[in-house]
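Worksheet for the structure shown next.
In this note's numbering, the protein residues as written are 266 to 341.
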């Protein structure tokens, strides 16, 4: 794991699939790329729904919320 301020770069597994993450200590959600999410949805590794999000600059945005049943960081 490499760190820069409160942001860390980590290898992990999401629902058994190996990925590389940017881990932000100030974030309340986990974000993954559209490519990774689309693949996992097609393969039935993830379920999704649309949600409203508040952005740090005070604006709001719609996003897709995914149900991650298992996340492994550093073998844990």
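Note that beta-carbon positions come from the ideal geometry of N, C-alpha and C, so glycine has one too.
As the structure is a prediction and not an experimental result, all values here were calculated from the model.
By the three-class DSSP mapping on this structure, what secondary structure does residue i have?
{"i": "residue 306", "result": "helix"}
{"i": "residue 335", "result": "coil"}
{"i": "residue 292", "result": "coil"}
At which residues does the beta strand (DSSP E) containing residue i begin and terminate?
{"i": "residue 326", "result": "325-331"}
{"i": "residue 282", "result": "282-289"}
Going by DSSP, what residues sit across from residue i in a beta bridge?
{"i": "residue 316", "result": "328"}
{"i": "residue 298", "result": "In the DSSP output, where bridge partners are listed per residue, residue 298 has none listed."}
(message) Taking 8 Å as the cut-off, does the stretch 273-281 touch the stretch 322-338 (at least 3 CB pairs, one atom from each stretch)?
(response) yes
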